[in-house]
Each structure stands twice: as C-alpha cells, then as structure tokens.
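There are 2 protein chains.
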Amino acid sequence: MRRFLRHPVRLVPLGFLAAIALGTGLLMLPWATSESRYTPFTEALFTATSAVSVTGLSVVDTSTYWTTFGLIMITVLTQVGGLGILTGATLVILVVARQLGLRNRLLVQAETAEFGFGDVRRLLLRIAGLALASEVLMTAILAGRLWWAYDYPFGRALWYGLFHAVQGFNNGGFSLWPDSLVSFSRDPWICLPLVIGTILGGLGFPALFEVVRAWRRPTTWAVATKLTVWGSLTLLVAGFVGLLAAEWANPNTIGGYDWQGKLLATFTQNAVVRTGGFNALDTNQLEEETYPLLIALMFIGGGSASTAGGIKVSTFFLLAFVIWAELRGEPDVTVGRSRIATASQRQALTVALLSVALVVAGTVALIVMTEGVRYYRALFEVTSAFTTTGLSVGSPDDYGTPGHLTLTLLMYIGRIGPLTLGSAIALNTRRRLYRYPEEQPIVG
Amino acid sequence: MRRFLRHPVRLVPLGFLAAIALGTGLLMLPWATSESRYTPFTEALFTATSAVSVTGLSVVDTSTYWTTFGLIMITVLTQVGGLGILTGATLVILVVARQLGLRNRLLVQAETAEFGFGDVRRLLLRIAGLALASEVLMTAILAGRLWWAYDYPFGRALWYGLFHAVQGFNNGGFSLWPDSLVSFSRDPWICLPLVIGTILGGLGFPALFEVVRAWRRPTTWAVATKLTVWGSLTLLVAGFVGLLAAEWANPNTIGGYDWQGKLLATFTQNAVVRTGGFNALDTNQLEEETYPLLIALMFIGGGSASTAGGIKVSTFFLLAFVIWAELRGEPDVTVGRSRIATASQRQALTVALLSVALVVAGTVALIVMTEGVRYYRALFEVTSAFTTTGLSVGSPDDYGTPGHLTLTLLMYIGRIGPLTLGSAIALNTRRRLYRYPEEQPIVG
Ligand SMILES: [K+]
Ligand SMILES: [K+]
Chain A
1 MRRFLRHPVR
11 LVPLGFLAAI
21 ALGTGLLMLP
31 WATSESRYTP
41 FTEALFTATS
51 AVSVTGLSVV
61 DTSTYWTTFG
71 LIMITVLTQV
81 GGLGILTGAT
91 LVILVVARQL
101 GLRNRLLVQA
111 ETAEFGFGDV
121 RRLLLRIAGL
131 ALASEVLMTA
141 ILAGRLWWAY
151 DYPFGRALWY
161 GLFHAVQGFN
171 NGGFSLWPDS
181 LVSFSRDPWI
191 CLPLVIGTIL
201 GGLGFPALFE
211 VVRAWRRPTT
221 WAVATKLTVW
231 GSLTLLVAGF
241 VGLLAAEWAN
251 PNTIGGYDWQ
261 GKLLATFTQN
271 AVVRTGGFNA
281 LDTNQLEEET
291 YPLLIALMFI
301 GGGSASTAGG
311 IKVSTFFLLA
321 FVIWAELRGE
331 PDVTVGRSRI
341 ATASQRQALT
351 VALLSVALVV
361 AGTVALIVMT
371 EGVRYYRALF
381 EVTSAFTTTG
391 LSVGSPDDYG
401 TPGHLTLTLL
411 MYIGRIGPLT
421 LGSAIALNTR
431 RRLYRYPEEQ
441 PIVG
Chain B
1 MRRFLRHPVR
11 LVPLGFLAAI
21 ALGTGLLMLP
31 WATSESRYTP
41 FTEALFTATS
51 AVSVTGLSVV
61 DTSTYWTTFG
71 LIMITVLTQV
81 GGLGILTGAT
91 LVILVVARQL
101 GLRNRLLVQA
111 ETAEFGFGDV
121 RRLLLRIAGL
131 ALASEVLMTA
141 ILAGRLWWAY
151 DYPFGRALWY
161 GLFHAVQGFN
171 NGGFSLWPDS
181 LVSFSRDPWI
191 CLPLVIGTIL
201 GGLGFPALFE
211 VVRAWRRPTT
221 WAVATKLTVW
231 GSLTLLVAGF
241 VGLLAAEWAN
251 PNTIGGYDWQ
261 GKLLATFTQN
271 AVVRTGGFNA
281 LDTNQLEEET
291 YPLLIALMFI
301 GGGSASTAGG
311 IKVSTFFLLA
321 FVIWAELRGE
331 PDVTVGRSRI
341 ATASQRQALT
351 VALLSVALVV
361 AGTVALIVMT
371 EGVRYYRALF
381 EVTSAFTTTG
391 LSVGSPDDYG
401 TPGHLTLTLL
411 MYIGRIGPLT
421 LGSAIALNTR
431 RRLYRYPEEQ
441 PIVG
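As you go down the protein sequences, you meet chains A and B in turn. Oh and the first sequence: position 418 is 418 in the UniProt record's numbering, straight run, nothing missing. Oh and the second sequence: position 181 is 181 in the UniProt record's numbering, straight run, nothing missing.
This is the structure in structure tokens:
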C-alpha cells in the first residue's frame, strides 16, 4: 500500500511526459491536419504539451489547421491532462499529508493514520464523477444555446459545446472560435457555464471537497482551504474591479458595450485569467495598464491540486499573511485560529521566488532568441506558458522554433514543477542529529 | 542613554525630510540656476530628493542648468544624505541589536550588553573619518588625472575631482559630464578610484568594520558580513561576465573598444550599477537582454547600512540560502556554521516581496501617467529610483510632473523605507501570552 501510494509522486511527471509523447506522435499524422500533411515535430510537440498541460497556447489556428481527428486528440489530451493533475495532485497531497502525520481531511477515516486502497479508489471516482458531471452539464447548456440562439446545426452545436466544456472545466484554454469568447462576451448563457466550470476545476479538489462537506462551518476548514476559497473570492472581486476600471472606456474592448455587457465581459475575462485561458477581451487591444494586471493575476493562478496553474492562491495569500505578521511585529503567523508552520512559510517562499526566477529567465531567453520582440509581450507570453494560462498577445507563432521550445518547456515545468518540487521536498526532509548555533542577522 | 539611542530610529526619516525641504528651498533660488530664475517647486524637490537620497536621477542637465552655487548645494546634500544614512543606519543596527540582545560587533565592549555615549561618538567619528579619507584620496587622484592627462585648469580639475569623489563614495550618481563616465570608460585612473569609492561606500560600515578588524579570520565574521562580502564578490564577477557577454559585440557601447577597454568599461558599469549610478556605457543603446540584467542588479543593490540601495546583498543571498535549504530538505537554514533565525528569514522575505510590490505598483503608476512610454523603460526608471541607483533610459525628464512626483516618492521610500521598516519591526515585536495550534498547509 505504501509503495503504491508513493508511486503517484514519481508517476505524475512521467505520466505527463508519456501523454505528451503519444499526443505529439498522433498530432504529427496527416489525418490530424486539414491539409493532410505531416505536422512538423516541434509544432506537434508544442500543441500536445499545450493540451496535456492544460495551457491552450497555440502556434497554429486551432479551428482551421486541425481536422476533427486532430481536435478530438486535443480534447482527449486536455481531458487526460486535467484529470491527471486533479487526481495526481490530490494523491500527492494525501501521501505528503500522511508522511508528515497531518490530519487527513480528504478521506473518511480522517482521524486515523492508515488509509486503504478502497478509500483511494472512492476518492478518484469522486473526482472523475465531478469532472464528468460538470462537463455534461456545461455541454448541455452550451450546445442548447448555440443551437437555439445562434442557429448552429445540432451536431455542430453539440461538438462545440463538448469541446468548450472540456476546455473550460480542465482550464484548457483552446477554443474553436478564432477570437475565443470575444464574440460571446455579452452572452451569459455561454460565458457563465464556462466561468463556473473554470472556477470549479481551478479551485482544486481538496478545497472543493471541504467546502461541500462543511459549507456551514467555514471556521473549521483547513488553512489551505480558507486561503484558497477566501483568496479566490478576493481575487474575483479585486481583479474584476481593476479590469473594469482599466478597460471601461477602451473602444477596442468593452468601451462600446452597454453596462451589462461591460460587467459580464470583464467578469468573464477576470474569472478565466487565473488560469482558464479563454479570452473575452481582445488581448491585443487592451489598455497599457491592463497587461501588468493580467500578468499578476496569471502569476497568482488558481487553487492547489486543481487544473489551474500559477504559484497558487494559497501560496500568494500565505505570503501576504507572513508579511502582515512581520509588519505588525507578531511572533507567529496566524490564519484564523491556526499558527502557520515555518515549513509551510518556507515552502511558499520557495515556490514564489523560484517562479519569479523562472519567469524572468524565460523572458530574457525569449528576448535573446527573438529579434525585436517587445519586453512586455515576452513577459506576458512566458507568464502565460509557465502558469498554463494560454492567453497570448500577438501569437506564440511569432517566436520561431527556439522560442517555441522554450515555451514548451515552460508549460511542462509550470504544470508539474510545483507539485513535484513540493512533494519531493516534503518526502525527503532530512533529519539532523546536530544543529548549529542560531544567529539573527539584520538584513534589508 | 537609552532614550538618546532610540532617537535615531525616528530621526532618520525626519532628518532626511528636513534636508530635502531645506535643499528644495535653496535649489529654488535664482542663484542656483544659470538662467538666474526661480526653479519650479517640483523640479527643485526632485533634485533635492535625488541628492539627499543619493540617487542621482535628474530632470535637468546637471552641468548646464545649475550654477556653481547649485552644484555645491547638490554636493552638500549628497554628502549629508550619504553620511546620514551611513551613521543613521549603523546606529539603528546598534539599537536593534541591543534590543534583541544580539552580540555587538561594532563596539569595543562587544561582549557587554551596555554601551555608552563615548563609544557611539567614537563610532560616528570613525565613519566620518572613513568618508573623509576616501573622498580626499579620490579627489586627489581624479583631479591629478584630469589636470595632467585632460588639460583641465587646476581649479576646474580640483572641482571636478571633488564633485565626483563625493558622488562616488556616497553612491550619489550625479555627474558634471553630460555622458557621465562614458568618455572616460577606458581610463583606469578615472574609473578605478570611482569604482573603489563606490564599493567602499556601498558595502556599508558594519561589514567594512568587521572585514578590517578580522580580515584574517573570515570564518569568524557575522553572518550578515559573510553574506554581504561574499555576495558582493559573487555579483561583481557574475554581473561582469553577464554584461561582457551581452555587450561584447554591441557597436554602440563597447563593440569598438580593444579588449582592455571592454573589460574596464564593463567592470566599471557592473560595479556602479548596484547602486552607484554613474554610467560607463550608454544606457540608451544597450542590447535588449542587458536591461533585465541591470534591473536585477539594481534591485539587489549593495550592503546593509551603506550608501547603496536595493533590497541589499545580504537579503538576496539569505533568501537564496533559504531556497537552497528547502530544496535539499534541510530542516534548518545554515550559513557557514550558523543557523539563521526564522525572524531574519521572515524579515528578508518581507523586504524582498514588499519591494517587488512597490516596484510593480510604481511601474504601473508611471505607465498610467505617461502616454506611450515603453514598459521596460518605466520599469527601469522606477527600479532605478526605488533602489536609489540613478541610471536612466532616456531621461526622467520625459515623465511630466505626476511622474516626477512618483519618482520623488520612490526615491525617498527606497532610501529610508527598509531601514525604518526593519527597525520598527525589530523594536516593536509583540509578546503573546498564548499561541494558536500549529497547522502545516501544503501550498504550491
Ligand atoms: K489554460
Ligand atoms: K546612486
């Protein structure tokens, strides 16, 4: 049992690699392209990685380049990647929590140290059930709306509904519409199902599970759940207000909409920027100050053990609590009525600073590789890839093969990096028989 | 005694404000400008803040706009600001260390808890003596060189030597030469005195003092000294190599120089970018990848309790050690044979992340205020102001009055912020009679 449960920690990165390799091979086949030719290796690799890592960046025009076979492959890869990360990360959290002797809220035997194969199977089935139910419901609403209001033929409406439902729940980011959601950004029947699916998938199973189980007693939630849920709500409000203020009068985005349209388009864009990846506003025509806002939101990302990427909402707000405690001169960092272990603080710090370093390094690499690219565009693209968001200013198509390989690597690292890093750290903590004397250097 | 020693903590920000107010008034006078007119308030405020905070950003052409009276004012303000921060920060460190019951390496009675007025006076005199000796020596070398090799008249050579010596040691960044050091970037007799003065002033008195006192026994140094000294050496080498690689073939900077010229100009630019503020390369014509490198080096900055700004070398490398320990799964963060207190780790984290937040907020503010400014330029300018570096791409002149006031505020916060914050935290730590139960959320 123990050996089985240690597997996911190592299996997640390998499983993702295998899915990417298989997907690359299949997408290279002539059946996958509308021109019936072999897709070059790097483009197929980019697309497969983008799908499996649920990013949604694209070097070709998704709706015209691929055949239905190719698009089904992308759908399957997205579904495999999304479910893979949901189940893999949840299992890893179980294993790590067990190893650390933490209370285990995800299983029925919450207070016992041991858990069996049956529990894990039940948990995985519950996750798969949640994904399936969400996607079926989303497909139904989207397909119905496309059929009735937009005169799509029934089969086409169903296919478009299914494709976007899978992308939405898995935070996949691909779209069959060349302008993604821009044309639909004032239609709540299209936007809201996708927003709700994106939020559900991007909140992560541990938080979702606890909210469902104990929604009447939020004070009893685990700290990670509190941080994720209240943090996500905060960002949903703050990002919405910021985006609305920045874009209100922009004639190229929502400037010409009525107020309901402005609210819906902005709400939708803000909800999917962490890190669903559709765009409800034209990312090429935003106000200048909107780009830093979107980059920050992408960087923060969604919930732990979710289909969203980024440093995670819990990491961001945990660090905010650390800073707040420091500024107030509090000896402990407390969230609600819990003291945060220094190990968690160090972990959050490591995730955040290594992510900053990777984004900076990736941006510099992209600038060196690409003649004449503007800095903010490179930063936007790299952040989008690393956080598996999939938004793009211009197109990743502009960056050439070395740039594509850089973005491919960033998508893979961004997807499996934090999880692998976090679990490897938690499972390999060394024991020391001696400690050096403490010193308190004054820095800053 | 205790009351006297708690004063500096509050006096430093107020003293800087007073010096800025006085400087602004004096620089507004018609005698200060070559056109004999009143300088507008915001421009005088900008210049006075830039001088007192030892930044060196400028909204007018320093050498032509100001009269000798104006330039002497700038020199005096720079000297007051530089000495003020050296002595103020050193005193604050003493007070904080005493409050925390830390071993006190700066005073003779290192092992006793009590120290008297005589000790402090001796310490302040030692700092002033170091500044004076360095500046006299630098003036002599610079003036001699300008007199002999560049045919400056004796008086002019002395004035130019003195002006740049004061700017160099205090990391002030103003220059009487319109292109700063670019024309002299291949002359070691001009560059090296300024580089050495910049490094001395930018290392900070606590580290300098310990290096001088115990240069044979580096293993006995305080952790802060080790981090500052070895960290600075690392950055001197790494920044030099990076800058050389990026600019080697750039025809607009060092591309046309012989190899000695390339080495000297690059070495000089790298040494003064953290955060001396002269430029030995034309900052408007650097390679694209050089800008992120310079921004990173400015952000890291120099030593604690020095005339340099930034988050400080010790903060940066302390965080690197935290991450390294986390990646290796070590329960403690150790530097040499000392375990780093979690309080210091939290302090470093707070300084670094609040600085990132301020730089991002300042950049967004500057973008919103200025039509058509490019992001990297706004980021460069804001980083330069906040870290009191004084390098500029284009000119701060381009940003208009709201932009100038933003940069003015950033220079002031960047100069006194970390010190005030750090000491206020250290002196106001609360005692709690109860602790909440610990929880270890898994983030990332
Ligand atoms: K995505
Ligand atoms: K400076």
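The beta carbon of each residue, even a glycine, is placed where N, CA and C say it ideally should be.
- Within chain B, the residues Tyr436 have their CB atoms less than 7 Å from the CB of A/Thr334, given in chain order.
- Spatial neighbours of A/Phe154 in its own chain (CB-CB distance under 7 Å, excluding positions within 5 residues in sequence) are listed in chain order as Trp147.
- Distance from the CA of B/Arg10 to the CA of B/Gly422, rounded to the nearest whole angstrom, comes to 12 Å.
- Using a Cβ distance threshold of 7 Å, A/Gly301 and A/Thr275 count as a contacting pair.
- C-alpha of A/Trp66 to C-alpha of A/His164: approximately 16 Å in a straight line.
- B/Gly231 and A/Gly417 have their C-alpha atoms some 28 Å from each other.
- Inter-segment contact for the segment 406–414 of chain B and the segment 47–61 of chain B is present: three or more beta-carbon pairs are separated by less than 8 Å.
- The continuous alpha helix (DSSP H) containing B/Arg156 extends over residues Phe154 to Phe169.
- Look at A/Val237 here: in three-state DSSP terms it is helix.
- Scanning chain A for C-beta atoms nearer than 9 Å to the C-beta of B/Ala222 yields Glu439 and Pro441, reported in chain order.
- Among the residues facing chain B, A/Arg274 is not included, as its CB has no counterpart in that chain under 7 Å away.
- In this structure, the C-beta of B/Val195 stays at least 6 Å away from each heavy atom of ligand 2.
- Non-local beta-carbon contacts of A/Lys262 in its own chain, meaning distances under 6 Å to residues more than five positions away in sequence, involve Ile254 in chain order.
- Closest option to B/Arg122, judged by alpha-carbon separation, among B/Tyr436, B/Pro188 and B/Thr87: B/Thr87.
- The residues Thr406, in chain order, have a CB closer than 6 Å to that of B/Ala365 in the same chain once the five nearest residues on each side in sequence are set aside.
- DSSP places B/Ser338 in the uninterrupted beta strand (DSSP E) bounded by Ser338 to Ile340.
- For the pair B/Gly172 and B/Thr78, the CB atoms are nearer than the 7 Å cut-off.
- Rounded to the nearest whole angstrom, the C-alpha separation of B/Thr42 and B/Ala48 is 10 Å.
- In the three-state scheme derived from DSSP, where H, G and I count as helix and E and B as strand, A/Thr39 is classed as coil.
- A/Asn284 has its Cβ no nearer than 6 Å to any heavy atom of ligand 1.
- Out of B/Val59, B/Trp31 and B/Ser34, the CA that lies nearest to the CA of B/Thr401 is found in B/Val59.
- Excluding its 5 nearest sequence neighbours in each direction, A/Gly23 has C-beta neighbours in its own chain below 7 Å: Ala48, Ala51, Val52, Met73 and Leu77, listed in chain order.
- One Cα belongs to A/Thr139, the other to A/Asn170, and the distance between them is close to 13 Å.
- Nearest to A/Ser175 by C-alpha distance, out of A/Ile311, A/Ala280, A/Asp151 and A/Ile93, is A/Ala280.
- Going by DSSP, A/Ser63 is part of the alpha helix (DSSP H) stretching over Thr62 to Tyr65.
- A Cβ-Cβ distance of about 13 Å is found for the pair A/Phe316 and A/Val335, leaving them out of contact under the 8 Å criterion.
- Taking 7 Å as the CB threshold, B/Arg217 stays off the interface with chain A.
- A direct Cα-to-Cα measurement between B/Ala249 and A/Thr62 gives close to 41 Å.
- Residue pairing of A/Val335 in beta bridges, as defined by DSSP: A/Ser338.
- By alpha-carbon distance to B/Ala222, the top candidate from B/Leu244, B/Thr307, B/Tyr160 and B/Arg339 is B/Arg339.
- The beta carbon of B/Arg339 sits closer than 7 Å to some beta carbon of chain A.
- DSSP places A/Glu438 within a strand segment (E or B) once states are collapsed to three.
- DSSP places A/Thr55 outside both helix and strand once states are collapsed to three, so it counts as coil.
- At a cut-off of 7 Å between beta carbons, B/Gln347 contacts chain A.
- Using beta-carbon distances, B/Ile85 does not count as an interface residue toward chain A, since no partner is under 7 Å.
- Secondary structure of A/Thr370 (DSSP, three-state): coil.
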